[in-house]
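Note that numbering that gives the first Met the number 0 has the sequence shown beginning at 0, numbered continuously upward. Backbone N, C-alpha and C define an ideal beta-carbon position, used for all residues, glycine too.
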Amino acid sequence: MTEPEFTATGVRIGRRLRSLTRAGQVRIRGGRLELLTSYGREIDSAPIGEVRAGKPWFGSDDRATAEVDGRRYLLRLGAQGDDPSGDLGGGAGPHAARRFIEAVRRATGRSG
């Protein structure tokens, strides 16, 4: 099994106004993006080349959007009670949204 390129746990994943999970997981590994519930059940996945990631127009720094096969997900990667040192490993936190967007762009070869 290959090492994941990006992992965040404790992620709130939603579509439009509906929350799909409050403590989900976001993983990029083996050339695929996986959105999982807190129990590890797959919400959605796709080859990383078909995924677009970005920041929502409005919102805090801990949020990112992921468009997977035409479906847009809002990811809140800043969990309450994070380690204040900022060294969160693969967990969620204030810089996890930026790291997620950069990981998707690196994997797809996009810049910007």
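In the three-state reduction of the DSSP assignment, THR107 falls in the helix class. The beta carbon of GLU4 sits closer than 7 Å to the beta carbons of ILE27, ARG28, ALA102, ALA106 from its chain, once the five residues preceding and following it are set aside; these are given in chain order. DSSP, read as helix, strand or coil, puts ARG17 in strand. ARG14 counts as exposed, since fewer than 16 other beta carbons sit within 10 angstroms of its beta carbon. Here PHE99 carries a helix assignment [DSSP, helix/strand/coil]. For ALA52 against ILE12, the beta-carbon gap comes to about 13 Å, at or over 8 Å, which does not count as contact. In this structure, ALA45 sits away from LEU76, with a CB-CB distance that is not shorter than 9 Å. Here GLY53 carries a strand assignment [DSSP, helix/strand/coil]. The beta carbon of ALA22 lies closer than 7 Å to those of GLY9, SER37 in the same chain, with the five residues before and after it left out. In this structure, the CA atom of ARG98 is about 22 Å from the CA atom of GLY69.
Looking at the DSSP output, ASP43 shares a beta bridge with LEU34.
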